[in-house]
Structure formats: structure tokens, C-alpha cells
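Engineer: Numbering (this note's numbering), first residue to last: 126 to 409.
C-beta atoms are modelled at their ideal positions from N, C-alpha and C, and glycine is treated no differently.
Sending over a structure as C-alpha cells; questions will come in a sec.
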């Protein structure tokens, strides 16, 4: 199926990881909203306990890989940070990106389902970490100038994605923006199931196309959407209609023909969903 890329684990270890993640993901997919309020946090803890060689854990042990990841993300958000603006990261993880952003923003909120920050690091006075249940956005209404998430949307139950988007929209000031980065379904699967399945069956509960996510943003109430296209710090805006047209052409191709075009790094870079949503000045 997909090229393993930088994957160094054996096929036996991948299969072990896949079976466990698929089992846990099934519990999330078939849970009620009330159950998911606590399930998101507990199920990830169970995954990392049962799969100690998970890339998320091994990356943390490598300061070089962490620094490279933070640098790449920071290039995306740096043009939108100023000392007069409040920044919010949803799915902040170890908060390395949010802590870097705090050097350039007036105030930073880091939001996640668990606090996994290093206990040895001191947070600046303009930084605040807040716990979420995976659905709610625990900041004041109309308080955020720029919100960002990287590979979060695909981990949400589709029903919860709507609720989280509504929470983000409410948190934004009128005229403020949200940048959502998520893998494109046409290049996937992008979780561990890529080695075994044609669609995501692991913790990517739903992978989106640009067209699908643009439609969802509009339905929630974002007044304008546009794409951020580029790489290595060089980005420009593009109307979503252009990429939606390309997606529609790709969707008409047989599976093997489509994957031969989309399962390579240049295509993934081009098709990665980097979607900006803007809150109307009327405040929605």
C-alpha cells in the first residue's frame, strides 16, 4: 500500500500497534458523546501504555526531532503572531510550539486533553495551559485573535468536530482567524492503518478533503475560508475552489490510479489541508 517513508519499525511491530489502535478506535467510534467526554483522554493513555514504541513517544525522546517539528510548525504561524495578539493552540501536546509562540504574542493559551509538559520547564507569564475534554474550548468568548491546530481534527469523532469548531468560532474575536492543518483523505490513510487498509481505521476517526472541511467550516459559521499553500516557510493564500476542483478530478479516478498520484511527498505537501477560517466582523 503506502511507502513506509521514515518508518523504522518491523512489520510485526506495526501489526501489533495497528491491532491495538484499531480496537481502541472502534470504542471511540461507537461511543456516545457522554462517554467521549472522558474517553478521549483515557483511551490515549491506554494506547501509549500498550504500545510503548509508539512514534509519539519515541519522538519525544529525541530533542532534534522535536525541534525540527516545532520549527516547521512555527514557520506556518509566525506571520500571524504579534505582541498585540492572543494566540491559542488546540492539541498543544508538550506545548513546545505554544511556548515558542509566547515569545511573539501578547498572550498564549495551550489547550489539550492532558498536561504532558516537562516538569522542569518554566512557563512565561503570558502563557497559560488549559485542560479540555476534547470537545470544549475552555477560554472566554471573543478573546482569541489567532487559533491553530495541527493534526487534531482527524482524531475527533465527526460529531465532536462540529462542536469543537463551534467552540473555536465562539472563542475568536470578530475578524479573527483559525488555521486548521490536517492530512488530506485522498493521500491517506495517514494513521497506522495505512499499512493495512484503504481507509483510516485507527485513531484518525475521520480524514477530510479540502472540500469536505471547507463545507464544514461554512456550516459552523466561518464567514470566509482560504488555503495556505507552500513549504519551508514560503506560503501563499489560494482560493479553496482551485484545490476542490483538483480533488474532484482525483476522486473520479480508480483507487490504484489515484493513490499512484497522491501517495508521494510532493502530492501530500500540496494536498495537505491548511485551511483558514475567518470569523465575521458581525460576530456570527
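#1: Of the choices 140, 208, 137 and 324, whose alpha-carbon is the least far from that of residue 230?
#2: Skipping 5 residues on each side, what residues in its chain have a beta carbon closer than 8 Å to that of residue 313?
#3: Would you list the one or two residues that DSSP bridges to residue 305?
#4: Which class does residue 252 belong to by DSSP, given the choice of helix, strand or coil?
#5: Does the separation of the CB atoms of residue 402 and residue 342 fall below 9 Å?
#6: Taking residue 266 as the reference, give the member of 206, 134 and 296 with the closest Cα.
#7: CA-CA distance, residue 384 and residue 232?
#8: Considering only residues of the same chain and omitting the five flanking positions on each side of residue 226, which have a CB-CB separation below 8 Å?
#9: May I ask you to report which of helix, strand or coil DSSP gives residue 357?
#10: Judging by CA-CA distance, which residue of 236, 143 and 280 is the nearest neighbour of residue 79?
#11: With H, G and I counted as helix, E and B as strand and the rest as coil, what does DSSP make of residue 132?
#12: Indicate whether residue 259 and residue 154 have their beta-carbon atoms separated by less than 9 Å.
#13: According to the neighbour-count rule (16 or more other Cβ atoms, all chains shown, within 10 Å of its Cβ), is residue 294 buried or exposed?
#14: If distances are taken between C-alpha atoms only, which option among 284, 311, 306 and 148 comes closest to residue 377?
#15: Could you give the distance in angstroms between the alpha-carbon of residue 360 and the alpha-carbon of residue 338?
#16: Taking C-beta to C-beta, are residue 282 and residue 156 nearer than 9 Å?
#17: So, for residue 316: in the same chain, excluding its five sequence neighbours on each side, which residues have a beta-carbon less than 6 Å away from its beta-carbon?
#18: Hey, could you find the ends of the beta strand (DSSP E) residue 333 is sitting in?
#19: Can the beta-carbon of residue 397 be found less than 9 Å from the beta-carbon of residue 307?
#20: How big is the Cα-Cα spacing for residue 392 and residue 364?
#21: Per DSSP, what kind of secondary structure is residue 293 in: helix, strand or coil?
#22: Are residue 271 and residue 304 touching if we call contact CB-CB under 9 Å?
#23: Going by DSSP, what residue range makes up the beta strand (DSSP E) through residue 324?
Structural biologist: Put simply:
#1: 208
#2: 319, 324, 325, 329 and 332
#3: 274 and 400
#4: In this structure, residue 252 counts as strand in the three-state DSSP scheme.
#5: yes
#6: 296
#7: 42 Å
#8: 199, 202, 206, 212, 214 and 233
#9: coil
#10: One cannot answer for residue 79 here, as it falls past the ends of the chain, which runs 126 to 409.
#11: Of the three classes helix, strand and coil, the one that applies to residue 132 here is coil, per DSSP.
#12: no
#13: buried
#14: 311
#15: 20 Å
#16: Cβ distance < 9 Å, so residue 282 and residue 156 count as in contact.
#17: 325, 327, 328 and 329
#18: Taken as a continuous stretch (DSSP letters only), residue 333 belongs to no beta strand (DSSP E), as it is neither H nor E.
#19: yes
#20: Our two residues, residue 392 and residue 364, have alpha carbons roughly 18 Å apart in a direct line.
#21: helix
#22: yes
#23: From DSSP, residue 324 is part of no beta strand (DSSP E); its letter is neither H nor E.
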